[in-house]
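Counting in UniProt numbering, the sequence shown runs from 1 upward without gaps.
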Amino acid sequence: MNEAFSLRRIFEGKWTQGAIPLVLLVVLLLIIEIAAPGFLTGETVALLFANTAVLFILATGVTFAILLGGIDLSIQAVASLASVILAQLLPSLGLAAFPVAILSGLAFGTLSGIVHVKLRVPSFVATLATGGVVTGIALWVSDGRAITIEEGGRENTAWINATVAGLPVVVLISAVIGIASFLALRYTRFGRQAIAVGAGEPAAWAAGINVDRTKIIAFAASGMLAAIAGVVLAARLSSGSPVLANQLLLPAIAAVIVGGTAITGGLGGVARTAVGALIISIVRIGMTFVGVNIFLENMVFGAVLIAAVAITIDRSKIAVIK
Numbered sequence: 001m002n003e004a005f006s007l008r009r010i011f012e013g014k015w016t017q018g019a020i021p022l023v024l025l026v027v028l029l030l031i032i033e034i035a036a037p038g039f040l041t042g043e044t045v046a047l048l049f050a051n052t053a054v055l056f057i058l059a060t061g062v063t064f065a066i067l068l069g070g071i072d073l074s075i076q077a078v079a080s081l082a083s084v085i086l087a088q089l090l091p092s093l094g095l096a097a098f099p100v101a102i103l104s105g106l107a108f109g110t111l112s113g114i115v116h117v118k119l120r121v122p123s124f125v126a127t128l129a130t131g132g133v134v135t136g137i138a139l140w141v142s143d144g145r146a147i148t149i150e151e152g153g154r155e156n157t158a159w160i161n162a163t164v165a166g167l168p169v170v171v172l173i174s175a176v177i178g179i180a181s182f183l184a185l186r187y188t189r190f191g192r193q194a195i196a197v198g199a200g201e202p203a204a205w206a207a208g209i210n211v212d213r214t215k216i217i218a219f220a221a222s223g224m225l226a227a228i229a230g231v232v233l234a235a236r237l238s239s240g241s242p243v244l245a246n247q248l249l250l251p252a253i254a255a256v257i258v259g260g261t262a263i264t265g266g267l268g269g270v271a272r273t274a275v276g277a278l279i280i281s282i283v284r285i286g287m288t289f290v291g292v293n294i295f296l297e298n299m300v301f302g303a304v305l306i307a308a309v310a311i312t313i314d315r316s317k318i319a320v321i322k
C-alpha cells in the first residue's frame, strides 16, 4: 500500500511530469529507428519538423486555455474557416488576405471567451457551440466545398512553402510563435495571471486578478493561433476547406496533455507542448514507417491521451472525479 502511494507521489511530482515526456520522446525515436532503420535521417527529421509545425501552432493556442483549467474545442473549426477565408480572398486582396483570415480567428476566440465568462457557460460548452457556429459559417461561405488556391493566389503563398538556410519557413513560423508564447507566459503579467487562475481561481480573485479579462485574452489567443494554423495549412495544401482541420482537434489536445500540461490547469507551458507535439508527430509518422494501419491513429491518440491525463491531472483540485 505504501509502495503504491509512493509511486503515485513520484508520478504526480512536477519534476516527473516534466521529465516523462522528454524520456518518452527519446524512447519513441529509438524504438522507431530500431524497427525501421533510416528513420533518423536529415530528410526525415526535416519532414518531421515541417509536419509538426501546424500541429504545434494549434496546440500552443490550446495551451493558453488549458493552463486556465479550461478547454477550447473550437480550434479545428476556426482553423478551417481561416483556410476558407484565405483561399477566397487571395485573388482579390493578395497578401492582405492573411491578416483578414487571422483576425477572424481572433474575433471568434474572443467570442468564446466572452460567452464563457459573461454568460458563465463552461468552456467546453461555450467553445463547442462557437465551433458549431464557425463550422456553419465556413460551410455557408464555401458552399460546402473545398476551394483551390489557383496559380495567381499561389504566388502569395509561395513564401510559406519556401526554405531559409535549409529550414522550411513553416518551421521558422512555428518557432517564432512558440518563443513569443513562451515569453508571454513566463515574463508578462498576463502569463503570471493565467498560471495563477489555473492554479486556483478563488485565490486569483482574492489576489485582485481580473480573472474574466485573463480568460478572454487566453481564448482570443487560442482562436488567433488556430487561424494562423489554418492559414499555414491552406498555403501548404493550396486549398481551403470547411473541414480542413477537422482531424487535428484530438492530436492538438493530446500534444498539450502528453507534453505535461495538467488538464486541471496551473502547471505546464509552451515548451512542454513542443515536446508533446513532437511525440504526437513521431507516433503518427512512426506508425507509417512501421506499417501500422493509418485508421488506427485516433485509437492510439485516444489511448495516449487517457494515459497522459491520468498522469498529469492534479487530483487535489477535484474532490469528486465525474
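All C-beta atoms in this analysis are idealised placements derived from N, C-alpha and C, irrespective of residue type, glycine included. All figures in this text were calculated on a predicted structure; none of them were measured in a lab.
Does the distance from the CB of I217 to the CB of T127 come in under 9 Å?
no
Please classify L167: does DSSP put it in a helix, a strand, or coil?
strand
Check whether the segment 208-217 touches the segment 186-198, taking contact to mean three or more Cβ pairs, one atom from each stretch, closer than 8 Å.
yes
Could you tell me the boundaries of the alpha helix (DSSP H) in which A96 lies?
That residue, A96, is in no alpha helix (DSSP H); it is neither H nor E in DSSP.
Reference F124; option with closest CA among I137, W159, L68:
L68
Going by DSSP, what residue range makes up the alpha helix (DSSP H) through Q247?
Per DSSP, Q247 belongs to no alpha helix (DSSP H) and is neither H nor E.
Identified DSSP bridge partners for T148:
S239
Cutting at 6 Å between CB atoms, please list the residues of its own chain near S142, excluding the five before and the five after it.
V84, P242
What span of residues does the alpha helix (DSSP H) with F64 cover, start to end?
42-67
Nearest-angstrom Cα distance between A175 and L248?
19 Å
Where does D212 sit, in a helix, a strand or coil, going by DSSP?
helix
Please name the residue, chosen from V275, M299, R284, T288, that lies closest to V26 on a Cα-to-Cα basis.
V275
Tell me the rounded alpha-carbon separation between F49 and G42.
11 Å
How long is the line joining the alpha carbons of L111 and T264, rounded to whole angstroms?
23 Å
Where T288 falls, given that 16 or more other Cβ within 10 Å makes a residue buried:
exposed
Hey, T130 and A77: beta-carbon distance below 9 Å or not?
yes
From A245 to R236, what does the alpha carbon distance come to, in whole angstroms?
13 Å
Select from I279, L93, A165 the residue whose C-alpha is nearest the C-alpha of I32.
I279
Does the distance from the CB of I149 to the CB of S239 come in under 9 Å?
yes
A165 vs G266 beta-carbon contact at 9 Å
no
A277 and L22 - do their beta-carbons sit closer together than 9 Å?
no
From L185, V256, N156, F190, residue whose alpha carbon lies closest to that of A87
N156
Counted within 10 angstroms of its Cβ, other Cβ atoms place M299 as buried (16 or more) or exposed
exposed
Where the alpha helix (DSSP H) containing F39 begins and where it ends:
Careful: F39 lies outside any alpha helix (DSSP H) and carries neither H nor E.
Between G38 and R284, what straight-line distance do the alpha-carbon atoms span, to the nearest angstrom?
16 Å
Cβ-based burial, E3 [other Cβ within 10 Å; buried from 16]
Because the pLDDT of E3 is 47, which lies under 50, any placement of that residue in the model is unreliable, and the number read from its coordinates should be weighed accordingly. Exposed is the call here.
G113 to A220 span [Cα, whole Å]:
7 Å
Backbone CA spacing between E201 and W159 [nearest angstrom]
43 Å
Measuring only the C-alpha atoms, how far is A203 from G144?
47 Å
Tell me the DSSP secondary structure of V121 in three-state form.
coil
Neighbour-count burial assignment, I179, 16 or more Cβ in a 10 Å radius
exposed
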